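First to last, the sequence lines map onto chains R and C. For the first sequence, my numbering gives the first residue as 1, with consecutive numbering after it. For the second sequence, my numbering gives the first residue as 1001, with consecutive numbering after it. Note that the Cβ used here is the ideal one computed from N, Cα and C, for glycine as well. Predicted model only: the values in this text are computed from it and were never measured.
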Amino acid sequence: DAKTTQPPSMDCAEGRAANLPCNHSTISGNEYVYWYRQIHSQGPQYIIHGLKNNETNEMASLIITEDRKSSTLILPHATLRDTAVYYCIVRVASGGGADGLTFGKGTHLIIQP
Amino acid sequence: NAGVTQTPKFRILKIGQSMTLQCTQDMNHNYMYWYRQDPGMGLKLIYYSVGAGITDKGEVPNGYNVSRSTTEDFPLRLELAAPSQTSVYFCASISTLTTGNTIYFGEGSWLTVV
């Protein structure tokens, strides 16, 4: 079973910030939060990851709550090309268990022109 | 680096035929994975490998076999193809030897069994 809960779909206007929530209430202390996206059946693409501090890169920002039970992916200026399914995943980043990433159904983000 | 390379990209098989999906990575990653994705669904793990010579079953291993004779290659074998194996297959790899690492995916192999 996926360790995360995400809304099945969201809409966002082009040029606005897209905020994608994720609940991971059973996250362990050594598990990171990863975000991937998949554009129309292409291979999933890495976006960002974090442990407990907020993170930002050229694609997005990741806000993790202090208790680490939820997080938000922020696409600051969404474009039509950001329309995709976004997956929030938790896992141990190094060593540890031999489990693969468990993908839920993700959030289908639709950017409206 | 080429990353994760999968071949073929598209294939049509007849019921009962066999084939191998190839996956190669040039990043010296120790972990490799095979996933399948049915239309409108998330990815499901078929098999994974934590290193050369070691493989283990994932969530949906029935009808498939894998081997990991080298660090770079992780082929997925379909024996006696069935229509239920029509899907998109993704290979992925990751290094667990450094912290904060990310998983890299191939571009997918579209398989149709008729």
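Counting C-beta neighbours from all protein chains within 10 Å, is the total for residue 9/R 16 or more, i.e. buried, or is it exposed? exposed
In chain order, what residues of the same chain lie with their CB nearer than 8 Å to the CB of residue 1061/C, ignoring the 5 residues before and after it? 1046 and 1047
Excluding sequence positions up to five away, which residues of its chain have a Cβ less than 7 Å from the Cβ of residue 1008/C? 1109
Can you pull the chain R neighbours of residue 1043/C, defined as C-beta to C-beta under 7 Å? 103
Return no unless some Cβ of chain R is closer than 7 Å to the Cβ of residue 1106/C. yes
Where residue 1029/C falls, given that 16 or more other Cβ within 10 Å makes a residue buried: buried
Would you identify the three-state DSSP class for residue 96/R, choosing helix, strand or coil? In this predicted model, residue 96/R has a pLDDT of only 41, less than 50, meaning its place in the structure is not dependable enough to derive any value.
Cβ atoms of residue 86/R and residue 20/R: under 7 Å apart, would you say? yes
In chain C, which residues lie with their C-beta within 9 Å of the C-beta of residue 43/R? 1004, 1006, 1090, 1091, 1092, 1104, 1105, 1106, 1107 and 1108
Should residue 1/R go down as buried or exposed, given a rule of 16 or more other Cβ atoms within 10 Å for buried? Caution is warranted here: a pLDDT of 48 is assigned to residue 1/R, below 50, making its placement in the model unreliable, and no coordinate value can be reported.
Sequence ranges, beta strand (DSSP E) only - wholly within the segment 1046–1099 of chain C, length at least 3: 1054–1057, 1064–1066, 1076–1078 and 1087–1094
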